[in-house]
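Read the structure below first, then the notes.
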Amino acid sequence: MTTRARPLIAGNWKMNGLTGSLAELDAIIAGSSAVADRADLLICPPATLVAAFAARAKGTAVMIGGQDCHPEPCGAHTGDIAAEMLKDAGASFVIVGHSERRADHHETDELVRQKTLAAWRAGLVAIVCVGETGAERDAGQTLDVVGRQIERSVPDGARTESLVVAYEPVWAIGTGVTPTTSDVEQIHAFICLKLSKKMKNSGESSKILYGGSVKPSNCNELLCISHVNGALVGGASLKSSDFLAIAAAAPK
Numbered sequence: 000m001t002t003r004a005r006p007l008i009a010g011n012w013k014m015n016g017l018t019g020s021l022a023e024l025d026a027i028i029a030g031s032s033a034v035a036d037r038a039d040l041l042i043c044p045p046a047t048l049v050a051a052f053a054a055r056a057k058g059t060a061v062m063i064g065g066q067d068c069h070p071e072p073c074g075a076h077t078g079d080i081a082a083e084m085l086k087d088a089g090a091s092f093v094i095v096g097h098s099e100r101r102a103d104h105h106e107t108d109e110l111v112r113q114k115t116l117a118a119w120r121a122g123l124v125a126i127v128c129v130g131e132t133g134a135e136r137d138a139g140q141t142l143d144v145v146g147r148q149i150e151r152s153v154p155d156g157a158r159t160e161s162l163v164v165a166y167e168p169v170w171a172i173g174t175g176v177t178p179t180t181s182d183v184e185q186i187h188a189f190i191c192l193k194l195s196k197k198m199k200n201s202g203e204s205s206k207i208l209y210g211g212s213v214k215p216s217n218c219n220e221l222l223c224i225s226h227v228n229g230a231l232v233g234g235a236s237l238k239s240s241d242f243l244a245i246a247a248a249a250p251k
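Spelled out as structure tokens, the structure:
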């Protein structure tokens with residue numbers, strides 16, 4: 000019998016934050032004890048802040064991650080960040096395949112798979128993002144699209160301790176609109192089933208996060224849905240009080 004995975008509340012700061020943003024991290028660290036019985040906390044700042052954030056969070060309950068990595072460990076790849084560099088800077092997670100990377104940089108499922116393998120080689124947990132566009136949703140292709148992304152982006156033989164999947168419907172990101180609870184439950188159950196066929200250990204205990212306009216006003220409803228094991232939070236993670244409020248809504 001599998002057990003429900005402990006919730007993970009992950010903040011994706013995207014291209015936001017300067018050194019002064021350490022104050023928000025300090026506030027999250029200060030408030031982390033109040034939600035320690037509910038969820039694990041992760042902040043993924045821009046690459047320029049990973050080392051500083053990791054140093055500040057060392058020895059606390061807050062983990063630090065990167066927002067992307069290159070599939071190679073080193074080389075002539077100007078402007079890119081290797082998974083090994085993130086690990087060296089103090090990161091323990093890395094986001095790969097976010098819809099903004101897939102759209103802005105034309106990243107394919109195969110490239111996301113290579114980045115996932117690179118993350119594992121470096122000793123990082125990979126957060127693999129999947130999700131359909133508004134046009135794909137309107138065409139009734141959500142399960143086909145998400146299933147294909149899982150099949151091609153997640154390497155075979157993945158283990159629950161090194162993989163998190165985040166379902167982020169592209170049409171919901173930053174729009175304030177979220178799917179219905181029944182839609183989220185159906186899609187997360189589908190992802191769980193797809194993962195169970197690729198994992199070395201049971202997909203039932205894999206962390207599957209929901210992302211897309213997660214905020215304090217809707218987190219209670221979202222985090223209580225079956226097969227939702229946390230959230231990948233965008234804009235709301237930039238404000239410590241909002242981020243901690245979302246974490247406080249995670250079911251015990």
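Take the sequence shown: its letter number 100 is residue 99 in numbering that gives the first Met the number 0, and every next letter is one higher. Ideal placement from N, C-alpha and C gives every residue a C-beta, glycine not left out.
Alpha helix (DSSP H) segment containing residue i, residue limits
i, result
"Ile-94", "From DSSP, Ile-94 is part of no alpha helix (DSSP H) but of the beta strand (DSSP E) over 92-95."
"Cys-191", "180-195"
"Ala-247", "239-247"
"Cys-218", "218-222"
"Gly-30", "21-30"
Selection from the options that minimises the alpha carbon distance to residue i
i, options, result
"His-187", "Asp-155, Ala-29, Gly-229, Pro-215", "Gly-229"
"Asn-17", "Ser-31, Leu-221, Thr-47", "First, the residue type needs correcting, since residue 17 is Leu and not Asn in the sequence shown. Minimum Cα distance to Leu-17 is reached at Thr-47."
"Val-169", "Val-153, Cys-68, Cys-128, Ser-240", "Cys-128"
"Ser-274", "Arg-3, Arg-5, Pro-6, Ala-26", "Any question about residue 274 goes unanswered here, given that the chain covers just 0 to 251."
"Ala-121", "Leu-85, Val-111, Asp-137, Gly-139", "Leu-85"
"Ser-195", "Glu-184, Pro-154, Gly-133", "Pro-154"
"Ile-8", "Leu-40, Ser-32, Val-34", "Leu-40"
"Glu-160", "Gln-140, Ala-138, Ser-204, Ala-134", "Ser-204"
"Leu-21", "Val-145, Ile-42, Tyr-209, Glu-106", "Ile-42"
"Val-106", "Ala-134, Gly-133, Cys-68", "Checking the displayed sequence, the identity of residue 106 turns out to be Glu instead of Val. Cα-wise, what sits closest to Glu-106 is Cys-68."
C-alpha gap between residue i and residue j, whole angstroms
i, j, result
"Arg-158", "Val-227", "18 Å"
"Met-0", "Thr-77", "Interpretation of Met-0 is limited by its pLDDT of 42, a score under 50 that renders its predicted location unreliable; no figure is taken from the coordinates."
"Phe-189", "Lys-206", "13 Å"
"Asn-200", "Leu-123", "18 Å"
"Val-163", "Ile-126", "5 Å"
"Glu-109", "Gln-66", "18 Å"
"Glu-150", "Glu-131", "14 Å"
"Ala-81", "Ala-54", "19 Å"
"Ala-171", "Glu-99", "12 Å"
"Lys-13", "Pro-45", "6 Å"
"Gly-64", "Ala-51", "12 Å"
"Glu-23", "Asp-182", "33 Å"
"Gly-74", "Arg-147", "31 Å"
"Ser-32", "Thr-59", "9 Å"
"Leu-116", "His-97", "16 Å"
"Leu-142", "Lys-114", "23 Å"
"Asp-137", "Gly-19", "42 Å"
Where the beta strand (DSSP E) containing residue i begins and where it ends
i, result
"Lys-206", "206-210"
"Leu-40", "39-43"
"Leu-162", "162-166"
"Leu-7", "7-11"
"Leu-110", "Per DSSP, Leu-110 belongs to no beta strand (DSSP E); it is in the alpha helix (DSSP H), 108-121."
Anticipated Cβ contact below 8 Å, residue i with residue j, distance rounded
i, j, result
"Thr-179", "Ser-212", "That pair is no contact at about 13 Å."
Contacts around residue i, its chain only, beta-carbon distance under 6 Å, and the 5 residues preceding and following it disregarded
i, result
"Leu-243", "Gly-30"
"Phe-91", "First, the amino acid is wrong: residue 91 is Ser here, not Phe. Answer for Ser-91: Met-62, listed in chain order."
"Ser-225", "Glu-184"
Own chain, CB closer than 8 Å to residue i, minus 5 neighbours either side, in chain order
i, result
"Pro-250", "Pro-6, Arg-37, Leu-222, Cys-223"
"Asn-217", "Thr-177"
Cutoff 7 Å; reference residue i; Cβ partners in own chain excluding five residues on either side
i, result
"Lys-197", "Val-153, Asp-155, Ala-157"
"Ala-246", "Ile-8, Val-34, Arg-37, Ala-38, Leu-40"
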